[in-house]
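Colleague: Chains A and B, in that order, are what the protein sequence lines are.
Each step along the first sequence adds one to the number in UniProt numbering, with nothing skipped, and position 105 is 105.
Each step along the second sequence adds one to the number in UniProt numbering, with nothing skipped, and position 67 is 67.
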Amino acid sequence: MLHIYCPHCDEHREEEEFRSKGEAHIARPPEPESASDEDWGNYLFFRKNPRGLHHEQWFHAVGCRKFFNVTRDTVSYEILETYKPGQQPVVTAESRNGSASDKGAAK
Amino acid sequence: MSDVATFNAHPAVAVQAESPLAISRITVATLTSAQGAGVCVREHALLGHLILRGRAADEGFRAGVEVALGLPLPLKMGPVSRDAERGVSVQWMSPDEWLIVVPQGEDYATEARLREALSGHYAVMQVSGAQTVLELSGPSALAVLMKSAGYDFHPRNFPVGKGVSTTLAKSTAVIRRVGEAQWELIIRRSFADYLYRWLLDASEEYGVFVAR
Ligand SMILES: [Zn+2]
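(1) Taking the beta carbon of B/A130 as the centre, do at least 16 other beta carbons fall within 10 Å, making it buried, or is it exposed?
(2) Between which residues of its own chain and A/V77 is the CB-CB distance below 8 Å, once the five residues before and five after are set aside?
(3) Counting only beta-carbon separations shorter than 8 Å, does B/G150 have a partner in chain A?
(4) Please decide whether A/V70 counts as near chain B, where near means a Cβ-Cβ distance under 8 Å.
(5) Compare the C-beta of B/P95 with all C-beta atoms of chain A and state if any pair is closer than 8 Å.
(6) Using a Cβ-Cβ cut-off of 8 Å, state whether B/K162 counts as contacting chain A.
(7) My guess is that B/M93 and A/C9 are in contact by the Cβ rule of under 8 Å, so how many angstroms apart are they, rounded?
(8) Looking at the structure shown, is B/E184 part of a helix, part of a strand, or coil, going by DSSP?
(9) What did DSSP end up calling B/R42 once you bin it into helix, strand or coil?
(10) Nearest by alpha-carbon distance to A/H54: which of A/R13, A/D37, A/Y43, A/D73 is it?
(11) Roughly how far, in whole angstroms, is the beta-carbon of A/R19 from the beta-carbon of A/F59, given that I think they are within contact range, below 8 Å?
(12) Quick check: B/Y24 and B/Y196, are their CB atoms within less than 8 Å of each other?
(13) Could you give the distance in angstroms between the alpha-carbon of A/G104 and the alpha-carbon of B/E59?
(14) For the candidate residues B/E184, B/L47, B/V174, B/E97, whose alpha-carbon lies nearest to that of B/A57?
(15) Runs of 3 residues minimum, wholly inside the region 48-119 of chain B: which ones carry the beta strand (DSSP E) assignment?
(16) Is DSSP giving B/D193 helix, strand or coil here?
(17) Can you tell me the Cβ-Cβ gap for B/V63 and B/S148, rounded? I've got them flagged as a contact below 8 Å.
(18) In terms of residue numbering, what span does the beta strand (DSSP E) encompassing B/G179 cover?
(19) Given A/A24, which residues of its chain have a CB within under 7 Å of its CB, disregarding the five upstream and five downstream residues?
(20) Shortest alpha-carbon distance to B/P103 belongs to which of B/H10, B/V208, B/S33?
(21) What are the boundary residues of the alpha helix (DSSP H) that includes B/L136?
(22) Considering only their Cβ atoms, is the gap separating B/V210 from B/V41 smaller than 8 Å?
(23) Any beta-carbon of chain A closer than 8 Å to the one on B/K76?
(24) On the premise that B/L69 lies in contact with B/V90, defined as a C-beta separation below 8 Å, what is that separation, rounded to the nearest angstrom?
(25) Please classify B/V15 as buried or exposed, where buried requires at least 16 other C-beta atoms within 10 Å of its C-beta.
(26) Could you tell me the boundaries of the alpha helix (DSSP H) in which B/K147 lies?
(27) For the region 43-57 of chain A, which residues have a CB atom closer than 8 Å to at least one CB atom of chain B, in sequence order?
(28) Quick one: what's A/V70 bridged to in DSSP?
(29) Can you find a C-beta in chain B that's less than 8 Å from the C-beta of A/L2?
(30) Is A/C9 near ligand 1 - that is, is its Cβ less than 7 Å away from at least one heavy atom of it?
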């Protein structure tokens, strides 16, 4: 059972209270009428499915019923951070790789 | 005052009203006295329930609510604003949503006061018929909650005055701690019978009394 921190409720809650809602930060093409079929198709249908770090939307279905973002490792299920919609993640693939090599250098 | 059409859900003519637990209450047997009962269950039926939506960041909105209810608007999850004497409470449900509970028959007047005091982007919804309040008290009330829900009810995480919306027995409930060993569960009408039976079953080992 995951213990997930809801940034709206400001509290950790049981996984049972939440629903995963797929990839986060999907930007709608600013001008749909001039977007190519490929861009529009990517926006509507194509989602990342990374092995490792992923930014996802989660929904606090039983609590505040608001969406928020989660940075999660799809291999270990570890949740690295949660943050409100409109905010950007602190933990990213780049920052993580950076810290990994830092650790390597410290050995 | 907005020009939204409203109506009084409590007509002046006496009309029989039944709580969603009207049937459950007569079909489930429990102790006949509170003496020695570890858990006491009491329904606070037919109270006025209103959902208020609005922008917490709007100073006018917050001030208007305080004028209309005589209680400060809670701005975060947890602490419930409550006037026990008047039987009025306001609870944060989400960043732009609050649950207001008032005594039976006062919901329409409360809604009117809110509409009088508020302007701009807000909403007030009558949900009195959609839910009911169960009070759980007694030395074993905490044990019943602990085995029925995943939430952390330990006093260090759940002081008197706190209220949360969480899972309860595969359903959901708004759970508020109103006293040292006294809890309020606000449950949906459609789950009322199920949850009532669940709570009586879960309370049976401690001895349970249903107050009328
Ligand atoms: Zn929440």
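From the three backbone atoms N, C-alpha and C, an ideal C-beta is built for every residue, glycine too.
Modeller: Concretely, from the data shown:
(1) It counts as exposed.
(2) A quick correction: the sequence has Tyr, not Val, at residue 77 of chain A. In the same chain as A/Y77, and ignoring 5 residues on each side of it, the C-beta atoms closer than 8 Å to its own belong to L2, in chain order.
(3) Using a CB distance cut-off of 8 Å, B/G150 counts as an interface residue toward chain A.
(4) Chain B has no Cβ within less than 8 Å of the Cβ of A/V70.
(5) It does: the Cβ of B/P95 has a partner Cβ on chain A nearer than 8 Å.
(6) No, its Cβ sits nowhere closer than 8 Å to a Cβ of chain A.
(7) A Cβ-Cβ distance of about 10 Å is found for the pair B/M93 and A/C9, leaving them out of contact under the 8 Å criterion.
(8) DSSP places B/E184 in strand when its eight states are reduced to three.
(9) In the displayed model, B/R42 falls within a strand according to three-state DSSP.
(10) Shortest Cα-Cα distance from A/H54 to any of A/R13, A/D37, A/Y43, A/D73 involves A/D73.
(11) Yes, they are in contact, since the Cβ atoms of A/R19 and A/F59 sit about 5 Å apart, within 8 Å.
(12) Looking at the sequence provided, one finds Ser at residue 24 of chain B rather than Tyr. Remark: C-beta atoms of B/S24 and B/Y196 approach each other more closely than 8 Å.
(13) Low local confidence applies: a pLDDT of 37 at A/G104 is under 50, so the model's placement there is unreliable, with the coordinate-based value given in what follows. Roughly 52 Å separates the two Cα atoms.
(14) B/A57 has its Cα closest to that of B/E97, out of B/E184, B/L47, B/V174, B/E97.
(15) If we require 3 residues or more, the beta strand (DSSP E) runs fully inside the region 48-119 of chain B come out as 48-53, 81-83, 88-94, 97-102.
(16) It is helical.
(17) Reading the sequence as shown, one finds Ala at residue 63 of chain B and not Val. Not confirmed; about 39 Å, so no contact.
(18) Here the beta strand (DSSP E) through B/G179 covers 171-179.
(19) Answer for A/A24: H55, E56, Q57, N69, listed in chain order.
(20) Among B/H10, B/V208, B/S33, the Cα nearest to that of B/P103 is on B/H10.
(21) From DSSP, B/L136 is part of no alpha helix (DSSP H) but of the beta strand (DSSP E) over 131-137.
(22) Less than 8 Å separates the beta-carbon of B/V41 from that of B/V210.
(23) Chain A, which has a Cβ nearer than 8 Å to the Cβ of B/K76, makes this yes.
(24) Sure, about 6 Å apart at Cβ, within 8 Å.
(25) Exposed.
(26) Where B/K147 is concerned, the enclosing alpha helix (DSSP H) stretches over 141-148.
(27) Correct list: empty, as no residue qualifies.
(28) According to DSSP, A/V70 shares a beta bridge with A/E56, A/T82.
(29) No - not a single Cβ of chain B is within 8 Å of the one on A/L2.
(30) True, at least one ligand heavy atom lies under 7 Å from that Cβ.
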